[in-house]
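Yeah, the sequence shown ends on 1592 if you go by my numbering, and it's all consecutive. Below is one structure, written out as C-alpha cells, with a few remarks after it.
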Amino acid sequence: MAPSPALFQSVPEKDYFSFLPKGELPEFQEIVNFFDFKGEDVAKAADVSPKSVRYDEKMPAELQERIREWAILVNLVAEFFKGDLERTAQWFKMPNPLLGYISPRDMIRVGRFKKLLKFVTSAREENRR
C-alpha cells in the first residue's frame, strides 16, 4: 500500500524564517521571539518546568523538540502564504473563527499545539486537492 500524500503534509518545502539552519541547532530564541512568548508561556506551551526554560547547550531535549516543532509549523503556514512572512506572522496573531476565535499563537501558548498542527495539515491537504 502506497503512503497517503497527507502523510507528508507535516514537512515544509523551505525554511522561510531561517529558524532551522542546516547542520546547526535551531534558532530557539528567534522562534520564541516570533511568538512573543515569555518564559512562562514557553514552559506552559512545551509542558516543561519554568526553571528548565533556557536557550543554551543545557536546554532540555524535550524543550528543544517542542520549539523545533513550532518552527516547522511556522514554515508550513509560510508555505501556504507563498513565503509572505508578514502574512504568516499575522495569521498566528489574529483570532481565527475556525479555531473558536482563538489565535494560533495562543493555541500554542495554552498547550494546544497538536490540535493546531492537525488543523494546518488538514487545511494543506484540502488546498492541494
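We put the CB at the ideal spot given by N, CA and C, even for glycine. Small disclaimer: the values here were computed from a predicted structure and weren't measured.
Using C-beta distances below 6 Å, list every residue in its chain close to residue i, excluding the 5 sequence neighbours before and after it, in chain order.
| i | result |
| --- | --- |
| R1531 | P1489 |
| L1561 | none |
| Y1658 | No statement about residue 1658 is possible, as the shown extent of the chain runs from 1464 to 1592 and does not include it. |
| E1542 | P1475, E1476 |
Looking only at its chain, what residues have a beta carbon closer than 7 Å to the beta carbon of residue i, apart from the 5 residues adjacent to it on each side?
| i | result |
| --- | --- |
| D1510 | G1574 |
| M1557 | S1566 |
| E1493 | F1482 |
| S1515 | P1523, L1526 |
| S1467 | Any reading at S1467 needs caution, since the residue's pLDDT is 48, under 50, leaving its predicted position unreliable; the model's value is listed next. Nothing meets the Cβ criterion. |
| G1502 | P1513, V1516 |
| D1478 | N1538 |
| V1495 | V1505, I1530 |
Given a cut-off of 9 Å, decide if residue j and residue i are closer than it, judged by their beta-carbon atoms.
| i | j | result |
| --- | --- | --- |
| N1538 | P1475 | yes |
| R1568 | D1499 | yes |
| F1482 | A1552 | no |
| R1529 | F1480 | no |
| W1554 | F1544 | yes |
Can you say whether residue i is buried or exposed, counting buried as having 16 or more other CB atoms within 10 angstroms of its CB?
| i | result |
| --- | --- |
| R1587 | buried |
| D1547 | exposed |
| R1591 | exposed |
| R1564 | The identity of residue 1564 in the sequence shown is Tyr, whereas the question assumes Arg. Y1564 should be labelled exposed. |
Looking only at its own chain, which residues have a Cβ that is under 8 Å from the Cβ of residue i, when we skip the five neighbours before and after it?
| i | result |
| --- | --- |
| A1572 | A small correction: the amino acid at residue 1572 is Arg; Ala does not occupy that position in the sequence shown. Closer than 8 Å at the Cβ level, and outside the excluded window around R1572, lie F1498, F1500, D1504, K1507, A1508. |
| M1570 | L1562, F1576, K1578, L1579 |
| I1535 | S1473, V1474, P1475, L1483 |
For the ligand ADP, is there a heavy atom less than 8 Å away from the beta-carbon of residue i?
| i | result |
| --- | --- |
| Q1553 | Questions concerning the ligand ADP fall outside what the structure shown contains, since it holds no ligand whatsoever. |
- For the 8 Å Cβ check, are there 3 or more pairs between the stretch 1512-1528 and the stretch 1572-1586? Verdict: no, contact absent.
- Item | Length at least 4, wholly inside the stretch 1516-1551: the alpha helix (DSSP H) runs in chain order | 1524-1543
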